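Mapping the sequence shown onto full-length UniProt numbering, position 32 (from 1) lands on 32, and the numbers just tick up by one. Glycine included, C-beta positions come from ideal geometry on N, C-alpha and C. Bear in mind that the values here come from a model prediction, so they are computed numbers and not experimental data.
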Amino acid sequence: MAPKEAANVLSAFRTLGFTVEIDPSVNYTGYFNARNQKIIMRDNDPAIYHELGHFVAFVAGNVDTKAAFQAVYNQEKNLYTAYNKAYVTQNSAEYFAESAKEYILSPSTLKAQRPKTYEAIKAAYDSITDARVATVKKMYSIIWK
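Below, the structure is given as structure tokens:
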């Protein structure tokens, strides 16, 4: 699935019952769906790391939409120069997810170009502990029957 992803994220993914589905018929590269505990991908693609970024934000407490990350997003979004800038910088959630992908695949570049983003992503990854996963599982158990 995502061999370079952090072990704590992959463990949380499994523990919370999430799955990855490959569906060549979809008209998007990837889609994260917390309610259905699923990532849907058109094919096996590095975009899985972007979708796992949405998962990280979710498990860490929807940090991609919190004021602290919004401030980082507003300060550093214009420094993003890689692929698909308009899509990635359209909102803090997409920016977080793509930055999480960079955190895994090219951390030194992310840290050099957007250091506040790097630190925010690192903090989100570091917050995914067994205790946090247990809290998320309990909070969503009514939905995830």
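In this structure, F32 lies near F55, with their beta-carbon atoms less than 8 Å apart. A contact between stretches requires three or more CB pairs, one per stretch, nearer than 8 Å, and the region 78 to 85 fails this requirement with the region 121 to 128.
In the three-state reduction of the DSSP assignment, I22 falls in the strand class, which pools E and B. Residue state for M41 is assigned as strand, using DSSP reduced to three classes. In terms of CA proximity to A47, V20 leads the group A131, L16, W144, V20. A direct Cα-Cα distance of roughly 5 Å separates R42 from T29. Contact annotation: K116 and Q75 have beta-carbon atoms nearer than 8 Å. From the listed residues E5, L16, D64, the smallest Cα separation to I142 is found for L16. Around the beta carbon of K145, fewer than 16 other beta carbons sit within 10 angstroms, so the residue counts as exposed. For V63, the CB contacts under 6 Å within the same chain, skipping 5 residues up- and downstream, are A57, F69, A124 in chain order.
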